[in-house]
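All remarks here apply to the structure that follows.
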Amino acid sequence: MRERTELEDRLDGVGRLERELDDAVMLIELAEEENDASVEQEGIAQLKALKADAARRQIEALLAGEADANDTYIEVHSGAGGTESQDWTRMLFRMYARWAERHGFKVEIVEETPGDEAGLKSATLLVKGHNAYGWMKTESGVHRLVRISPFDSAARRHTSFASAWVYPVVDDRINIDVKESDCRIDTYRSSGAGGQHVNTTDSAVRITHIPSGIVVACQGERSQHKNRATAWNMLRARLYEVELERREAKANADAASKTEIGWGHQIRSYVLQPYQLVKDLRTGITSGTPADVLDGDLDPFMEGALAHRLSGRTIEVEDVD
Numbered sequence: 006m007r008e009r010t011e012l013e014d015r016l017d018g019v020g021r022l023e024r025e026l027d028d029a030v031m032l033i034e035l036a037e038e039e040n041d042a043s044v045e046q047e048g049i050a051q052l053k054a055l056k057a058d059a060a061r062r063q064i065e066a067l068l069a070g071e072a073d074a075n076d077t078y079i080e081v082h083s084g085a086g087g088t089e090s091q092d093w094t095r096m097l098f099r100m101y102a103r104w105a106e107r108h109g110f111k112v113e114i115v116e117e118t119p120g121d122e123a124g125l126k127s128a129t130l131l132v133k134g135h136n137a138y139g140w141m142k143t144e145s146g147v148h149r150l151v152r153i154s155p156f157d158s159a160a161r162r163h164t165s166f167a168s169a170w171v172y173p174v175v176d177d178r179i180n181i182d183v184k185e186s187d188c189r190i191d192t193y194r195s196s197g198a199g200g201q202h203v204n205t206t207d208s209a210v211r212i213t214h215i216p217s218g219i220v221v222a223c224q225g226e227r228s229q230h231k232n233r234a235t236a237w238n239m240l241r242a243r244l245y246e247v248e249l250e251r252r253e254a255k256a257n258a259d260a261a262s263k264t265e266i267g268w269g270h271q272i273r274s275y276v277l278q279p280y281q282l283v284k285d286l287r288t289g290i291t292s293g294t295p296a297d298v299l300d301g302d303l304d305p306f307m308e309g310a311l312a313h314r315l316s317g318r319t320i321e322v323e324d325v326d
């Protein structure tokens, strides 16, 4: 039934594009007959919007990976740099939440660890929607921010790093066997704002998978049992994502582009001072409006990274100062 729904959505989308294309062409022809420049420009604007929509659907049609259609988790972690880095992690977390909301995805906060003075040390977001993982999977990596620090009384320019890690939600079609004997389970009190129950009971759960070293945590629910169940799901998802990476690396052993999406590899720079520029270091795609990007305008970067990843071509791009 899910596959049928996905196919129906694709067919409906193509049908809508065809109808709107015909309408735009008729509008332009009518404007030319009546010599109405404003109506003609309206038709041209519609054609440009349709072109962008068609390009996005073309890339989306290539999202045929084993887990591309699944919901996804995205974790963000602050790097070295204390408060400045933790504030950048909060900005990155908000950026992904805003992108998801713009596209009609459902967003749930799974875990948040506040910074010492401001921002976040780490956080996990659950994004629910068709192809959520397929679109977001290229965001894994290190993101760099360059700006005048609001926490520096001398108003000096600072460089901060935060890491994003994206992995798919494992659904009922995928069986991941995790031995409880291979895991260490810790419970602790939830951090941050909350009711009396949240702050006074050990409701938060952290699971460490000893063989792989993977650690997941959940504190989004008041019930320890619910947090434990969610943490197990997150662990299975992380282990599955590791397996997907292993398969992809084996199938594309000669593709140098794989390293650019791995943990610990910088993929994008966000420069707010002394000039305004966001630059993807894999594809060369840039934006001169960082405020829009940080408010969730990530489509050009995601589409470019997906096209680059699917084509297998490596693009050499100079770093940003």
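Just add 5 to the spot in the sequence shown (first one is 1) and you have the working numbering.
Ideal Cβ placement from N, Cα and C applies to all residues, glycine included.
Cutoff 7 Å; reference residue i; Cβ partners in own chain excluding five residues on either side
{"i": "Arg7", "result": "none"}
{"i": "Ala310", "result": "Thr143, Asp285, Arg287, Thr288"}
{"i": "Ala29", "result": "Gly48, Gln51, Leu52, Leu55"}
{"i": "Ile290", "result": "Pro305, Phe306, Gly309"}
{"i": "Pro216", "result": "Asp187"}
Span of the alpha helix (DSSP H), counted from its first residue to its last, around residue i
{"i": "Thr88", "result": "88-107"}
{"i": "Lys53", "result": "42-66"}
{"i": "Glu37", "result": "7-39"}
DSSP state of residue i mapped onto helix, strand, coil
{"i": "Leu336", "result": "With the chain represented from 6 up to 326, any question about residue 336 goes unanswered, as that position is not in the structure."}
{"i": "Val183", "result": "coil"}
{"i": "Thr294", "result": "coil"}
{"i": "Phe4", "result": "Outside the displayed span of the chain (6 to 326) sits residue 4, for which this structure offers no information."}
{"i": "Pro119", "result": "strand"}
{"i": "Ala137", "result": "helix"}
{"i": "Ala85", "result": "coil"}
{"i": "Glu246", "result": "helix"}
{"i": "Glu3", "result": "This structure does not reach residue 3, given that the chain is present from 6 up to 326, and the question cannot be answered."}
{"i": "Leu131", "result": "strand"}
{"i": "Leu303", "result": "coil"}
{"i": "Thr288", "result": "coil"}
{"i": "Arg227", "result": "coil"}
Given residue i as reference, the closest of the options once Cα atoms are compared
{"i": "Arg9", "options": "His135, Ala310, His148, Ser158", "result": "His135"}
{"i": "Val220", "options": "Arg243, Ser228, Val183, Thr88", "result": "Arg243"}
{"i": "Thr118", "options": "Arg107, Lys133, Arg95", "result": "Arg95"}
{"i": "Glu11", "options": "Leu150, Asp182, Ala167, Ala74", "result": "Ala74"}
{"i": "Cys188", "options": "Gly124, Val115, Leu16, Gly218", "result": "Gly218"}
{"i": "Asp58", "options": "Glu71, Asn40, Leu26, Ile79", "result": "Leu26"}
{"i": "Gly18", "options": "Ala66, Gly86, Val174", "result": "Ala66"}
{"i": "Arg314", "options": "Gly70, Arg152, Leu299, Pro155", "result": "Gly70"}
{"i": "Ala234", "options": "Arg61, Val175, Asp121", "result": "Val175"}
{"i": "Met141", "options": "Ser154, Val283, Tyr101", "result": "Tyr101"}
{"i": "Gly86", "options": "Glu116, Leu35, Arg162, Glu34", "result": "Arg162"}
{"i": "Arg273", "options": "Phe166, Asp297, Asp191, Glu246", "result": "Phe166"}
{"i": "Ile212", "options": "His230, Arg152, Thr192", "result": "Thr192"}
{"i": "Arg194", "options": "Ser228, Glu34, Arg251, His148", "result": "Ser228"}
{"i": "Gln281", "options": "Glu13, Ile153, Asn40", "result": "Ile153"}
Opening and closing residue of the beta strand (DSSP E) in which residue i lies
{"i": "Asp285", "result": "282-285"}
{"i": "Val175", "result": "Unbroken run through Val175: none, as it is neither H nor E."}
{"i": "Ser274", "result": "271-276"}
{"i": "Ala222", "result": "219-223"}
{"i": "Asp191", "result": "188-193"}
{"i": "Ala160", "result": "Looking at the DSSP string, Ala160 is not in any beta strand (DSSP E), and its letter there is neither H nor E."}
{"i": "Ile212", "result": "209-214"}
Contact belief for residue i with residue j at Cβ below 8 Å, rounded distance in angstroms
{"i": "Ala137", "j": "Thr77", "result": "5 Å"}
{"i": "Leu68", "j": "Gly139", "result": "4 Å"}
{"i": "Glu37", "j": "Glu45", "result": "7 Å"}
{"i": "Gly146", "j": "Gln271", "result": "7 Å"}
{"i": "Phe98", "j": "Val81", "result": "5 Å"}
{"i": "Ser83", "j": "Lys126", "result": "5 Å"}
{"i": "Tyr275", "j": "Leu130", "result": "Tyr275 to Leu130, Cβ: 19 Å. No contact."}
{"i": "Glu122", "j": "Thr88", "result": "5 Å"}
{"i": "Arg62", "j": "Gly301", "result": "With 8 Å as the limit, Arg62 and Gly301 do not qualify as a contact, their Cβ atoms being about 20 Å apart."}
{"i": "Ala296", "j": "Ile64", "result": "Not really, about 25 Å apart at Cβ, beyond 8 Å."}
{"i": "Tyr172", "j": "Glu246", "result": "3 Å"}
Proximal residues to residue i (C-beta, below 8 Å), its chain only, five neighbours per side dropped
{"i": "Val183", "result": "His214, Trp237, Leu240, Arg241, Leu244"}
{"i": "Asn232", "result": "Ser208, Ala209, Val210, Cys223, Gln224, Gly225, Glu226"}
{"i": "Ser158", "result": "none"}
{"i": "Phe110", "result": "Val132, Lys133, Gly134, Ala137"}
Contacts around residue i, its chain only, beta-carbon distance under 6 Å, and the 5 residues preceding and following it disregarded
{"i": "Gly124", "result": "Gln91, Asp92, Thr94, Arg95"}
{"i": "Gly269", "result": "Only weak support is given to the placement of Gly269: the predicted model assigns it a pLDDT of 48, under 50, and the question is left unresolved by the model."}
{"i": "Ser292", "result": "Val283, Val298"}
{"i": "Leu352", "result": "No answer is possible for residue 352: it lies beyond the span of the chain, which begins at 6 and ends at 326."}
{"i": "Ile33", "result": "Glu45, Gly48"}
{"i": "Val115", "result": "Thr129, Leu131, Cys223, Gly225"}
{"i": "Glu13", "result": "none"}
{"i": "Ala60", "result": "none"}
Any chain B beta carbon closer than 8 Å to residue i
{"i": "Leu282", "result": "Reference to chain B is not applicable here, since this structure consists of a single protein chain."}
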